[in-house]
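Reading through the structure tokens given below for one structure.
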Amino acid sequence: MSTVVAQSLHVFGLRSHVANNIFFFDEQIIIFPSGNHCVKYNVDQKWQKFIPGSDKSQDMLALSISPNRRYLAVSETVQEKPVITIYELSSIPCRKRKILNNFDFPVQKFVSMAFSPDSKYLLTQTSPPESNLVYWLWEKQKVMAIMRTDSQNSSVYQVSFSPQDNTQVCVTGNGMFKLLRFAEGTLKQTNFQKGEPQNYLAHTWVSDDKIVVGTDTGRLFLFESGDQRWETSIMVKESTSDRKNLNMIQESESLIQFPTISSPVPSYERAVTTSSRSQITMPQVFAIAAYSKGFACSAGPGRVLLFEKMEEKDFYRESREIRIPVDPQSNDPSQSDKQDVLCLCFSPSEETLIASTSKNQLYSITMSLTEISKIRSIVWNADDSKLISCGTDGAVYEWNLSTGKRETECVLKSCSYNCVTISPDAKIIFAVGSDQTLKEIADSSVLRETSAFDVTYTAVAISHSGRMMFVGTSLGTIRAMKYPLPLQKEFNEYHAHAGPVTKILLTFDDQFLLTTAEDGCLFTWKVFDKDGRGIKREREVGFAEEVLVTKTDMEEKAQVMLELKTRVEELKMENEYQLRLKDMNYSEKIKELTDKFIQEMESLKTKNQVLRTEKDKQDVLHREHVDDLLDKQSRELQDLECCNNQKLLLEYEKYQELQLKSQRMQEEYEKQLRDNDETRSQALEELTEFYEAKLQEKTTLLEEAQEDVRQQLREFEETKKQIEEDEDREIQDIKTKYEKKLRDEKEANLRLKGETGIMRKKFSSLQKEIEERTSDIENLKGEQVKLQGVIKSLEKDILSLKREIQERDETIQDKEKRIYDLKKKNQELEKFKFVLDYKIKELKKQIEPRENEIKVMKEQIQEMEAELERFHKQNAQLELHVVELWQKLRAADQETRRERQTERDLEALVKRFKTDLHNCVAYIQEPRLLKEKVRGLFEKYVQRADMVEIVGLNTDLQQEYARQREHLERNLATLKKKVVKESELHRADYVRIMQENVSLIKEINELRRELKFTRSQVYDLEAALKLTKKIRPQEVPETVSSEDVPGVASTVRLNEQEETERIIEMQRLEIQRLRDQIQEQEQVPGFHHLAGIRLPSLLGSEADLEVQTK
């Protein structure tokens, strides 16, 4: 009866107590432990593949997958011994790559594992009481470093590597948070715990140096390089069945639960027992998983929270809550939301989150349905089959409405998108955002970025024809440009709104444009082309077959048709004339060639007669030569026959001798075979008896040695308790003794194995010799058969040689005939070649002068076109220079007017002050009245608050002045670099313009000197008034009459404030005007500013102003 075979087909269940019990292998396949296997489960196709555990495995404790998804590490207990098995997931079926089971350190079991970022190293944590952290080079089964993480026998829950650094390690547990670094074969702690120790249940790396850690009291900590940066507490929310607007899990899968396991749980049950009191009130964070926007963590029974990073700060805020749904098919539905989430894992694309619970269940969460970023714009394609959206998170998504799934995505976190649109053929998406560019997106990637030239685009729209594009900016302007988008700054800009543009829309016929902005205005625009005509759509309108055309268009087309017809007739006339000329030329050439060929034919006939006479002579000589060759050949044949007969006789004698030798060899080999069989059987019996006796002796010796070792170990344990000081020395001595004994025993075993191997080799060598001898006999028989075949083949060769001699004589005659014919043909071809070469040379002589003339004319045309372009550029540049100089003159006139006005105001103020001083001098004999008048002057012209305001205004003016000057000097420097390239072509024009510019600069300098002089006078007066205030602060009487002149002083002070405000406002307007001029000039193609002229430095004036303000 044949044996019965059973094969595992499908499994339902999950081992929830295994640490890190869920992973993603790729986007559709997950890996989880179930029974004694690890299961690869395809979520879409619902198939399972099994990765079997070790034979005689008692328990599975922890899993870990490498970052490159190639290896899976499994921690098990096999026959009460810890074993780590590493599987290669890329092979089908999965095979065991390495097994780590020989350990030089005490260990009971491994409770947590982690692979390094490059998947070369493995980090393992053992359970208490040892609590060793082991750093493996796992492919070579080598321990790189080992460290005891905790000496108080507290639990360690999780270990991990930094996502970018193989040498940085994190360990968390009960009262433990350690950051370690691997260096020089050791693990060293790099952080120091501050504050009260917490029971840290889980952690995850959110960046290269930042870690989020969760505790059993519902607290989350963010550590950066070991220092705490952020802390928050998870609030407890009771889950009710009738709760509304709760974001439940949209897609979930539940595996049939396993029976509860009584074995100790490293990550879940221990944490529950250590914090049983706080479990009722505070949620426990058993699992944390990081993704690109932040992290997800468990928050008590049946709850998962999503945290996202804040844009401006390095902190995180709670963005969403997910609860486990109630299972209506279970016996107790109320228990569904009471199961703790033990492990979380994101898919590689971060679209799916898998959660495992304490009730042996798995739940799948689709993250695309939990998108929470602010959507700024959506747009439909032409046939309403797709929807495109963009948001503040820098993501552009394309949704298929028939399937409800996202087809393409393009995420750029550095950009916050404002608007999105799609081309008419629905192949290219256009998006604008905060990075001041217009992006073309296709197939989830950015094809092209067009700069906005220091402006932020806020809205975008493309015409239905696909040839025009309109963009709104944050300044309220509208830009019109062609599509495909130009590389340079080629667009028309229109000022419309007083705030950022929020939406742009084109009508279906592309005739009108609608724009709105934050200023609350709606503009309608008529769209024209550069000739003033309305934009026409290329494709037909779907609801009508007729096309309406204006009368002007018909007249234009008729004129174009007439022009084209006249052009065609002209081209026909030209072609006919050229064909006639070519016919005339070719007829003349044909006549010349025919005459030449007739002359050559006559010369060739004469040569042919001469060659015939030579041919007859050669025939006679050839016949005589053939007769001589035939005589020689007959003689050689006779000699060859005699020699071959003698060789055949010698070969026959050798053959008989070899037959006799082979018979003798057969008899000798048969005798040797008989002798060898007898000796081999006797030697084998003796050797087996000898080595069996030796093996029994060695086994007895080994047992005695093992008993001795056990006794010695017992004695050693007793002496260890009594003597603690000499502990290390005795251990080393005993180790050396027993290591030597073990080595000796191993060497003896190896020797015995070697001797048995030698005897086996001898036996095999004898068998090989016997086989070789038999093969030699067979070879000799084969040679005998071959020699007989050789004799027969030689006889056949003699006959074939005779036939070949006759055939060769015939071929010699045929070849001589062919040689003669080929020589004749060769001579004729050489003559024909000479004639053709001569003709080719004459034709080349006729063609070359015409080609040279054509090249010269083309070069002249290109030079003329280049000169025309150069003259056009020069004219345009000169016009721009004239416009620029006029603008500079106007700006200089405005500055002089403003400075003169300020000078007049200051002179009026000084005159008023002089008159008031003169009136005070009249009371010089009356000190009391003089004091009151001086005090009135002080209150009228100088006050403490006004002094502060004046100083502040002066400093503001200086800063504004310096900023304007720096801005202008930067613009001048950039313009100088542009002008250097074309200074050689335009030196004469530059000299004239430079002279005019120098005169303007002189006037500006004079105005600046006048302004400086007037300001120095004002500051001198103010300084004098300040001195009077410092000299007599105490002489002011306590009682001041209310009839003084405060009203006059306040009015003067207001005038000064108004003057300073006017000055600042005028300066701002001038700066804005200059910036607008620079932008307009930069937009003009081919424009370059003048170089070689630098404005006079303003360092002296600024220094004077600083001294006066101080």
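Every letter in the sequence shown is one number past the one before it in our numbering, and letter 172, counting from 1, is 503. We put the CB at the ideal spot given by N, CA and C, even for glycine.
Legend entry - With 16 other Cβ atoms within 10 Å as the buried cut-off, status of H534: By 1-based counting over the sequence shown, the position of residue 534 is 203. That one is buried.
Inset, instruction - With a threshold of 16 other CB atoms inside 10 Å of the CB of I835, please say whether the residue is buried or exposed. - result: Indexing the sequence shown from 1 puts residue 835 at position 504. Around the CB of I835, 16 or more other CB atoms lie within 10 Å, so the residue is classed as buried.
Legend entry - Cα-Cα separation, I719 to V751: By 1-based counting over the sequence shown, the position of residue 719 is 388. By 1-based counting over the sequence shown, the position of residue 751 is 420. I719 and V751: Cα-Cα distance of roughly 8 Å.
Legend entry - For S1124, three-class secondary structure by DSSP: Along the sequence shown, read from residue 1 onward, the residue named residue 1124 stands at position 793. In the structure shown, S1124 sits in a helix (DSSP, three-state: H, G or I).
Legend entry - Residue from S695, Q930, L553 and A620 whose Cα sits closest to the Cα of K644: By one-based count along the sequence shown, residue 644 stands at place 313. Closest option to K644, Cα to Cα, is L553.
Legend entry - Close-in-space but distant-in-sequence residues of the same chain around T789 (CB under 8 Å, 5 per side omitted): Stepping through the sequence shown from its first residue, residue 789 is reached at position 458. Take T789, set aside five residues on each side of it, and the residues of its chain with a beta-carbon closer than 8 Å to its own are N749, C750, V763, G803, T804, S805, P831, V832 and T833, in chain order.
Legend entry - Short Cβ contact (8 Å threshold) for G366 with V342: Against the sequence shown, residue 366 aligns to sequence position 35. Against the sequence shown, residue 342 aligns to sequence position 11. Result yes, Cβ atoms of G366 and V342 sit closer than 8 Å.
Legend entry - Proximity to M799 [Cα-Cα], best of D840, F523 and A1024: Looking up residue 799 in the sequence shown gives position 468. With distances taken between Cα atoms, M799 lies closest to D840.
Inset, instruction - Grab the span of the alpha helix (DSSP H) containing K1264 for me, first residue to last. - result: Counting from one through the sequence shown, the residue named residue 1264 turns up at place 933. Unbroken alpha helix (DSSP H) run through K1264: P1258 to Y1272.
Legend entry - Contact belief for S775 with C721 at Cβ below 8 Å, rounded distance in angstroms: Counted from its first residue, the sequence shown places residue 775 at position 444. Counted from its first residue, the sequence shown places residue 721 at position 390. In this structure S775 does not touch C721 by the C-beta definition: roughly 14 Å separates them, more than the 8 Å allowed.
Inset, instruction - Let me know the secondary structure DSSP gives C425 once reduced to three states. - result: Along the sequence shown, read from residue 1 onward, the residue named residue 425 stands at position 94. Here C425 carries a coil assignment [DSSP, helix/strand/coil].
Inset, instruction - Could you check what DSSP says for P413 in three-state terms: helix, strand or coil? - result: Numbered from its first residue, the sequence shown carries residue 413 at position 82. Residue state, collapsed to three classes: strand.
Legend entry - beta-carbon R1243 near the ligand SAH non-hydrogen atom, thresh 7 Å: For the structure depicted, the ligand SAH is absent and the ligand set is empty, with no information on it obtainable.
Legend entry - Selection from K770, A445 and G1085 that minimises the alpha carbon distance to G725: Numbered from its first residue, the sequence shown carries residue 725 at position 394. Selection K770, A445 and G1085 evaluated against G725 yields K770 as nearest (Cα-Cα).
Legend entry - Inter-stretch contact (C-beta, 8 Å, three-pair minimum) for the region 1074–1094 and the region 930–937: These segments do not touch.
Legend entry - Environment of R654 [buried if 16+ CB atoms lie within 10 Å]: As a first step, residue 654 is located in the sequence shown; it is residue number 323 there, counting from the start. Buried, since its Cβ has 16 or more Cβ neighbours within 10 Å.
Inset, instruction - Name the residue from N1080, Q1042 and H1298 whose alpha carbon lies nearest to the alpha carbon of I1065. - result: Position 734 of the sequence shown holds residue 1065. Nearest of N1080, Q1042 and H1298 to I1065, Cα basis: Q1042.
Inset, instruction - Look at the alpha carbon of K429 and the alpha carbon of R401, and state the distance between them as a whole number of angstroms. - result: Sequence index remark: in the sequence shown, residue 429 carries index 98 (1-based). Sequence index remark: in the sequence shown, residue 401 carries index 70 (1-based). Put simply, the backbone Cα of K429 is about 13 Å away from that of R401.
Inset, instruction - Look up G807 in the DSSP assignment and give the residues it is bridged to. - result: Position 476 of the sequence shown, counted from the first residue, corresponds to residue 807. Answer is none; G807 lacks a bridge partner.
Inset, instruction - Could you round the C-beta distance between L518 and L511 to whole angstroms and report it? I think they count as a contact, below 8 Å. - result: By one-based count along the sequence shown, residue 518 stands at place 187. By one-based count along the sequence shown, residue 511 stands at place 180. With a Cβ gap of about 5 Å, L518 and L511 count as contacting.
Inset, instruction - Select from A393, Q439, G506 and K1262 the residue whose C-alpha is nearest the C-alpha of L454. - result: As a first step, residue 454 must be located in the sequence shown, where it is residue number 123. It is A393.
Inset, instruction - Since I believe Q524 is in contact with T503 (beta carbons under 8 Å), could you give me their beta-carbon distance rounded to a whole number of angstroms? - result: Your numbering for residue 503 matches position 172 in the sequence shown. Your numbering for residue 524 matches position 193 in the sequence shown. The C-beta separation of T503 from Q524 comes to about 11 Å, leaving the pair out of contact by the 8 Å criterion.
Inset, instruction - Could you tell me whether the Cβ atoms of C628 and G545 are closer together than 8 Å? - result: Within the sequence shown, residue 628 is the residue found at index 297, counting from 1. Within the sequence shown, residue 545 is the residue found at index 214, counting from 1. Cβ atoms of C628 and G545: closer than 8 Å.
Legend entry - Assigned exposure category for E1184 - 16 Cβ within 10 Å defines buried: Locating residue 1184 in the sequence shown gives position 853, counting from the first residue. It is exposed - the Cβ of E1184 has fewer than 16 other Cβ atoms within 10 Å.
Legend entry - Straight-line gap, S493 to E411 (C-alpha atoms, nearest Å): Here residue 493 corresponds to residue number 162 of the sequence shown, with the count starting at 1. Here residue 411 corresponds to residue number 80 of the sequence shown, with the count starting at 1. Near 32 Å, if we compare the C-alpha coordinates of E411 and S493.
Inset, instruction - Tell me where the beta strand (DSSP E) around E649 begins and ends. - result: To locate residue 649, count along the sequence shown from 1; it is residue 318. Segment Y647 to R654, the beta strand (DSSP E) holding E649.
Inset, instruction - Would you mind stating whether P424 and E461 have Cβ atoms separated by less than 8 Å? - result: If you number the sequence shown from 1, residue 424 lands on position 93. If you number the sequence shown from 1, residue 461 lands on position 130. Not in contact: P424 and E461 (Cβ atoms no closer than 8 Å).
Inset, instruction - From the DSSP output, in three-state form, read off D1140 for me. - result: Position 809 of the sequence shown, counting from 1, holds the residue named residue 1140. In the displayed model, D1140 falls within a helix according to three-state DSSP.
Inset, instruction - Would you mind stating whether S782 and S765 have Cβ atoms separated by less than 8 Å? - result: Position 451 of the sequence shown holds residue 782. Position 434 of the sequence shown holds residue 765. At the C-beta level, S782 and S765 stay beyond 8 Å of one another.
Inset, instruction - In the DSSP assignment, find the unbroken beta strand (DSSP E) run with F508 in it and report its ends. - result: Position 177 of the sequence shown, counting from 1, holds the residue named residue 508. Counting along the chain, the beta strand (DSSP E) containing F508 begins and ends at M507 to A514.
Inset, instruction - Give the C-beta separation of Q456 and T480 to the nearest angstrom, bearing in mind that I take them to be a contact with Cβ-Cβ under 8 Å. - result: Within the sequence shown, residue 456 is the residue found at index 125, counting from 1. Within the sequence shown, residue 480 is the residue found at index 149, counting from 1. Separation of the CB atoms of Q456 and T480 is rounded to 7 Å, and the pair is thereby assigned contact status at 8 Å.
Legend entry - Buried versus exposed, by CB contacts within 10 Å (16 or more), N351: Residue 351 sits at position 20 when you count from the first residue of the sequence shown. Flag for N351 reads buried.
Legend entry - For E1184, the three-state DSSP class (helix, strand or coil): Counted from its first residue, the sequence shown places residue 1184 at position 853. It is helical.
Legend entry - Alpha-carbon to alpha-carbon, P815 and E1226: Residue numbering aside, residue 1226 sits at position 895 when the sequence shown is read from its first letter. Residue numbering aside, residue 815 sits at position 484 when the sequence shown is read from its first letter. Cα-Cα distance, rounded: 45 Å.
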